[in-house]
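Engineer:
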Amino acid sequence: MTYPTFLSFQKRVLAFAFLVLVSASSAWAIDPDSYVASRKSKGSFALSAGGRSAPLLTSPTDFPGVVRAVRNLQADIRQVTGAEPALMTGNPASASELVLIGTLGKSPLIDQLVKARKLDVSGIVGKWETSLTQVIDKPMPGVDQALVIVGSDKRGTIYGIYDLSAQIGVSPWNWWADVPAVSQPSLYVLPGRHSQGTPAVKYRGIFINDEAPALSGWSKEKFGGFNHKFYEHVFELILRLKGNYLWPAMWGNAFYDDDAMNPKLADEYGVVIGTSHHEPLMRAHDEWRRYGQKTPWNYQKNDSTLREFWRTGIRRMGTNESIISVGMRGDGDEPMSRESNTALLERIVADQRTIIGEVTGKDPSQTPQLWALYKEVQEYYEKGMRVPDDVTLLLCDDNWGNIRKLPAVGTPKRSGGYGIYYHFDYVGGPRNYKWLNTNPIARTWEQMHLAYKHGVDRIWIVNVGDIKPMEFPIEFFLDYAWNPDRWPASKLPEYTRLWAEKQFGAKHAPAIAQILTRYTQYNARRKPELLSPTTYSLTNYREAETVVADYNNLLAEAERIGRELPATHQDAYFQLVLHPVKACATVNEMYVAAGRNQWYAKQGRAATNQLAQQVEQLFERDAQISRFYNDTLAGGKWSHLMDQTHIGYTYWQQPEKNKMPAVQTLTLPQPADMGVAIDGSAAWWPAESGEAVLPAFDAFHQQTSYIDVFNRGQTPFGYTAEAGAPWLKLSSSAGSVDKETRLLVSIDWKRVPVGTQRAPITISGPDGKRITVQAIVHNPAGLKPDALAGFVASNGYESLNADRPTRTVETGSITWLRIPDIGRTGSGMTIVPVTAASIDKPAGTSPRLEYRIHIAESGPVQVQTYLSPTLNVNDNKGLRFAISFDDEAPQLIDIHANETNRVWEQSVANNVRLITSRHTIDQPGEHVLKIWMVDPAVVFQKVVIDQGGVKPSYLGPPEHVSQARPGAN
């Protein structure tokens, strides 16, 4: 490429430093590629200075969509500077400085500059959607200096215009999320040639889907429905995000039929219109209900009616820029009937292409088409069905963000290329997910990177539900589609920080970025619609309480930042940051409280009724949060957008209304009655006949454990706690219990004797009741924490995050890549390049991850490997890896062996694929666990070595924090 390529996000993220947060004299640039500053410099162009903005000049012969974008730029400059620039067309009036905007071949003034060799467009001419922004001195008589924005085509010019809008500090979410443009009196464009380059993916778009009840209720109230008044906002948003493609809302709606201005304005704006994967030839699904005359949606029985129905769609499309979906599914996005076969579907496509050719008067190959391999349609393809080479094969994910199929490396190129239909929202099994954003950009990156490197670059379209609240992943998806090479995995944290900075300024951007990363990671490990009172373990690894604490700590940080932001940014902050954290923290805490309520009721705890009240309060808080979003936020601008039900699912479909989890209440006896529960056990004493033993303590992890003392009556009581050894530390030795209290147990490692120790802790309460809890402590002789390198097993297991190997083995062409925050509890590791050849028999110097682990006992072990739920994108085998200890032969594991629908449902619901292998440890001591690369595309999140000590939990045992030598693990 002749000119530097700069991804729009990085460029547009430049100057959003608030005047309230930075001095008025500081430069606006956030990153080196920004080209707008607040100070004049040599050769810079004064876009706005001294209360005056340079006029904007366009040609009356340019595209109407370009003129619309120029008017928006005019409003954006006024919004930022308070000085509205004049808008001129044709020949410039007297102006020493101006902004000249136009498209090659459509603007005589631009073409004249090119002809006079004052503007070099060799880097953009003939390219798709490419722009150039440049300051030119003495461009024409009477003009001393001009800022020229030129596009290779209509959208190229439009993207150049909106890039400048973003550069001066107007977020694409200015209207859609109320992100304000902060006042800046002076704007200067730096000299030089500025280009965003040519997009890597040709068509980049969104699908508005599953739009009831939220978006449909909002659009009806605000615009009267999904009409052109609504879509004008959608078109502008897509273009500001450098997208170019839309599948319109279709459940009960019909883009062409509902409002004739819809397609007219789409074409004028420059947005390519398509229809979803089950709506052939530009006819919306609901149009068959309207005009199908109650005849069957069946080509074998009703082919002539269907052909005429489709012909009307192509005739109505006219010359509007479109991508036509071909093929056929059952009515209402259902599978075709059983009698459907490959030959019939091939005939359908052939007949559809005949219609396209006859109506357009062109060879069908001249009209863009796609065939979506969605659900069962992929099976037809795998059984041999083919479409003409010019038809784009739209590959699909599994509706849960896991791509189902990719072209094999070395597959001959198709003239129509390949595309991807991806999901941020879904209605269907195992559970709808429509409420809030549960899509970490790390997972989107990993899957779309996989697709791009396999040559999928013609169409990327993502199901975004109601648009809101998917703002952040939508922008990432479209930015990544524009230039995947700009955002490698290592820069994902930077992307998030820059996005936060663009919306809220530099001061809080790192902290906001952490909140965005964490809340999506937390939401992804279990989508809110899938939560239940028993999702997280109430007893093992303090899992449930840790989940609640994680969310509430995140909420406290989000609220702290919100208090420090100016009033102008409160609405945007609530929508983009605070609301999803607050709402999901509330729902997770409610379900955990409901689980504790049921558990406590079984034990007759006095806190049972208090937990029932807490569940009721949290359920009401959830409703209040939604009401605030709908009724109060931004003066009611977003009413209905939080109408989506999300509590009380009993199967895949949403409940008609939110339903609080069931709770129990108890009638407690008057007298006090002491009970004791311990860390890691669902039992309680004295009801349990066996011994109460805490999880073991060891010198390598220096754990803290707990004992809960609780009341089973109405009357408070006093207790004492006595440690049976001087090195055994208790957080309290005596106190009063109304409902419950927790004692923390730890070890004074400077005083504990060498070897294995056992000491009692005696809890004494009312009526002479005494309960003894045993503490077991391992302090091995001659084996000190700082003398060990690596991980140390404890309590019969070792848990480690995959991104912390003690050694990585790579080759010259194959390396290991860390993907930040892709795991449920951490980051992940995978192989790059993702197109690397498989290694069917790993050995010797094959690529692998090594984890040095000290295991105190010999014998059988199970290794549980936690993987991202990637699907088998290969043609003829599952994705594989190998695993071994020390010098044993690697066990080859196919992660998709015995794949069933039930296995898939479990993997996507849990957002992890858990693989178990069995090994034998021949002697105590140091061992090396090796994870070998066999196939690329496998993402390793976590590894647990189980010697019989692993207890049930959702996330698995947390990673052991070892006191081993620093840097060892």
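Offset between the sequence shown (1-based) and our numbering: plus 21. Even glycine gets a Cβ: it sits at the ideal position worked out from N, Cα and C.
Could you work out which residue in 591, 264, 855, 388 is closest to residue 180 when comparing CA atoms only?
Structural biologist: The sequence position of residue 180 within the sequence shown is 159, counting from 1. Among 591, 264, 855, 388, the Cα nearest to that of residue 180 is on 264.
Engineer: Do residue 590 and residue 201 have their C-beta atoms closer together than 8 Å?
Structural biologist: Taking the first residue of the sequence shown as position 1, residue 590 is located at position 569. Taking the first residue of the sequence shown as position 1, residue 201 is located at position 180. Cβ distance < 8 Å, so residue 590 and residue 201 count as in contact.
Engineer: What span of residues does the beta strand (DSSP E) with residue 431 cover, start to end?
Structural biologist: Here residue 431 refers to the residue found at position 410 when the sequence shown is read from its first residue. It is not in any beta strand (DSSP E) - residue 431 carries neither H nor E in the DSSP assignment.
Engineer: Measure the alpha-carbon distance for residue 450 versus residue 267 and round it to whole angstroms.
Structural biologist: Position 429 of the sequence shown, counted from the start, is the residue given in the question as residue 450. Position 246 of the sequence shown, counted from the start, is the residue given in the question as residue 267. Roughly 25 Å separates the two Cα atoms.
Engineer: State whether the region 671 to 678 contacts the region 757 to 768, with contact taken as three or more CB pairs (one from each stretch) at a distance under 8 Å.
Structural biologist: No: the two stretches stay apart, fewer than three of their Cβ pairs being nearer than 8 Å.
Engineer: With respect to the beta strand (DSSP E) encompassing residue 564, which residues constitute its N-terminal and C-terminal limits?
Structural biologist: Reading the sequence shown from its first residue, position 543 is the one you call residue 564. It is not in any beta strand (DSSP E) - residue 564 instead sits in the alpha helix (DSSP H) that spans 564 to 585.
Engineer: Quick test of your reading: residue 351 and residue 318, contact by CB under 8 Å. State the CB separation rounded to the nearest angstrom.
Structural biologist: Numbered from 1 along the sequence shown, position 330 holds the residue referred to as residue 351. Numbered from 1 along the sequence shown, position 297 holds the residue referred to as residue 318. Contact flag correct, Cβ pair sits at about 7 Å.
Engineer: Return the chain-ordered ranges of every alpha helix (DSSP H) run that is complete within the region 96 to 154 and spans a minimum of 4 residues.
Structural biologist: Entirely contained in the region 96 to 154, the alpha helix (DSSP H) runs reaching 4 residues are, in chain order, 129 to 136.
Engineer: To the nearest angstrom, how far is it from the Cα of residue 393 to the Cα of residue 438?
Structural biologist: Taking the first residue of the sequence shown as 1, we reach residue 393 at position 372. Taking the first residue of the sequence shown as 1, we reach residue 438 at position 417. Their Cα atoms are separated by approximately 12 Å.
Engineer: Provide the residue span of the alpha helix (DSSP H) that contains residue 397, from first to last.
Structural biologist: Translated into positions along the sequence shown, residue 397 becomes position 376. Unbroken alpha helix (DSSP H) run through residue 397: 397 to 403.
Engineer: Tell me whether residue 159 is buried or exposed, calling it buried when 16 or more other Cβ atoms sit within 10 Å of its Cβ.
Structural biologist: Numbered from its first residue, the sequence shown carries residue 159 at position 138. So residue 159 counts as exposed.
Engineer: Excluding the 5 residues preceding and the 5 following residue 636 in the sequence, name in chain order all residues of the same chain whose CB lies nearer than 7 Å to its CB.
Structural biologist: Mapped onto the sequence shown, residue 636 falls at position 615. If we look at residue 636 and ignore the five residues flanking it on each side, its Cβ neighbours are 611, 614, 615, 618, 681, 682, 684.
Engineer: Among 686, 708, 603, which residue has its Cα nearest to the Cα of residue 628?
Structural biologist: As a first step, residue 628 must be located in the sequence shown, where it is residue number 607. Residue 628 has its Cα closest to that of 686, out of 686, 708, 603.
Engineer: So what does DSSP say about residue 748, is it helix, strand or coil?
Structural biologist: Locating residue 748 in the sequence shown gives position 727, where the first residue counts as 1. Reduced to three states, the DSSP call for residue 748 is coil.
Engineer: If I'm right that residue 345 touches residue 390 with Cβ under 8 Å, what's the distance once you round it to whole angstroms?
Structural biologist: Residue 345 sits at position 324 when you count from the first residue of the sequence shown. Residue 390 sits at position 369 when you count from the first residue of the sequence shown. The Cβ separation is near 5 Å, so the contact holds.
Engineer: Span of the beta strand (DSSP E) holding residue 903?
Structural biologist: Along the sequence shown, one-based indexing puts residue 903 at 882. 901 to 906 is the span of the beta strand (DSSP E), which, as asked, contains residue 903.
Engineer: Classify residue 303 as helix, strand or coil using the three-state DSSP reduction.
Structural biologist: Start at 1 with the first residue of the sequence shown, and residue 303 comes out as number 282. Correct three-state label for residue 303: helix.
Engineer: Run through DSSP, which three-state label would residue 34 get?
Structural biologist: Your numbering for residue 34 matches position 13 in the sequence shown. In this prediction, residue 34 scores a pLDDT of 33, lower than 50, which makes its location untrustworthy; the coordinate-derived value is nonetheless stated afterwards. Note: residue 34 maps to coil in three-state DSSP.
Engineer: Kindly list the residues whose CB is nearer than 6 Å to the CB of residue 744, restricted to its own chain and excluding five residues on each side of it in sequence; keep chain order.
Structural biologist: Numbered from 1 along the sequence shown, position 723 holds the residue referred to as residue 744. Only 751, 782 meet the Cβ criterion.
Engineer: Give me, in chain order, the residues of the same chain whose beta-carbon lies closer than 8 Å to that of residue 365; leave out the 5 immediate sequence neighbours on both sides.
Structural biologist: Counting from one through the sequence shown, the residue named residue 365 turns up at place 344. Within the same chain, residue 365 has close Cβ partners 320, 321.
Engineer: Quick check: the Cα distance between residue 436 and residue 477, rounded to an integer number of angstroms?
Structural biologist: For the purposes of this step, residue 436 is taken as residue 415 along the sequence shown, with counting starting at 1. For the purposes of this step, residue 477 is taken as residue 456 along the sequence shown, with counting starting at 1. Roughly 12 Å separates the two Cα atoms.
Engineer: Which residue marks the beginning of the alpha helix (DSSP H) containing residue 709, and which one marks its end?
Structural biologist: Locating residue 709 in the sequence shown gives position 688, counting from the first residue. Segment: none, residue 709 is in no alpha helix (DSSP H) and carries neither H nor E.
Engineer: Near residue 516, which residues of its chain fall below 6 Å by C-beta distance, leaving aside the five closest residues on each side in sequence?
Structural biologist: Here residue 516 refers to the residue found at position 495 when the sequence shown is read from its first residue. Within the same chain, residue 516 has close Cβ partners 508.
Engineer: Please state the DSSP three-state secondary structure of residue 505.
Structural biologist: Here residue 505 refers to the residue found at position 484 when the sequence shown is read from its first residue. Note: residue 505 maps to helix in three-state DSSP.
Engineer: Assign residue 848 to buried or exposed, taking buried as 16 or more other Cβ atoms, counted over all protein chains shown, within 10 Å of its Cβ.
Structural biologist: Position 827 of the sequence shown, counting from 1, holds the residue named residue 848. Classification of residue 848: buried, given that the 10 Å Cβ count is 16 or more.
Engineer: Please determine, among 824, 110, 800, the residue with the shortest C-alpha to C-alpha distance to residue 877.
Structural biologist: Here residue 877 refers to the residue found at position 856 of the sequence shown. It is 800.
Engineer: Using only the alpha-carbon positions, how far apart do residue 906 and residue 230 sit?
Structural biologist: Residue mapping note: residue 906 aligns to position 885 of the sequence shown, counting from 1. Residue mapping note: residue 230 aligns to position 209 of the sequence shown, counting from 1. Roughly 48 Å between the two C-alpha positions.
Engineer: List the whole-angstrom C-beta distance separating residue 958 from residue 855, where the pair is believed to meet the contact cut-off of C-beta under 8 Å.
Structural biologist: Here residue 958 is taken as the residue at index 937 of the sequence shown, counted from 1. Here residue 855 is taken as the residue at index 834 of the sequence shown, counted from 1. Their Cβ separation, rounded to whole angstroms, is 6 Å, which keeps residue 958 and residue 855 in contact under 8 Å.
Engineer: Going by the CB atoms, is the gap between residue 415 and residue 298 shorter than 8 Å?
Structural biologist: Translated into positions along the sequence shown, residue 298 becomes position 277. Translated into positions along the sequence shown, residue 415 becomes position 394. In this structure, residue 415 lies closer than 8 Å to residue 298 by Cβ.
Engineer: Using 10 angstroms around the beta-carbon of residue 518, count the other beta-carbons present and answer buried if the total reaches 16, otherwise exposed.
Structural biologist: Numbered from its first residue, the sequence shown carries residue 518 at position 497. Classification for residue 518: buried.
Engineer: Closest to residue 920 by CA distance: which of 892, 940, 655, 481 is it?
Structural biologist: The residue given as residue 920 occupies position 899 in the sequence shown. Ranking the options by Cα distance to residue 920, first place goes to 892.
Engineer: Taking the alpha helix (DSSP H) that residue 56 falls in, what are its first and last residues?
Structural biologist: For the purposes of this step, residue 56 is identified with residue 35 of the sequence shown, where counting begins at 1. Taken as a continuous stretch (DSSP letters only), residue 56 belongs to no alpha helix (DSSP H), as it is neither H nor E.
Engineer: Taking only runs that begin and end inside the region 685 to 738, name each unbroken beta strand (DSSP E) of 3 or more residues, in chain order.
Structural biologist: Here the runs fully enclosed are 695 to 699, 726 to 732.
Engineer: Going residue by residue through the region 823 to 893, where are the continuous beta strand (DSSP E) segments of at least 3 residues, counting only ones entirely within it?
Structural biologist: DSSP runs (the beta strand (DSSP E)) wholly in the region 823 to 893: 828 to 830, 836 to 840, 849 to 853, 869 to 876, 880 to 888.
Engineer: Around the C-beta of residue 925, are 16 or more other C-beta atoms found within 10 angstroms, so that it is buried, or is it exposed?
Structural biologist: The residue you call residue 925 lines up with position 904 of the sequence shown. The residue is buried, with at least 16 neighbouring Cβ atoms inside 10 Å.
Engineer: Have a look at the DSSP bridge pairing and note the partners of residue 948.
Structural biologist: Counting from 1 along the sequence shown, the entry for residue 948 is found at position 927. BP columns for residue 948 point to 874.
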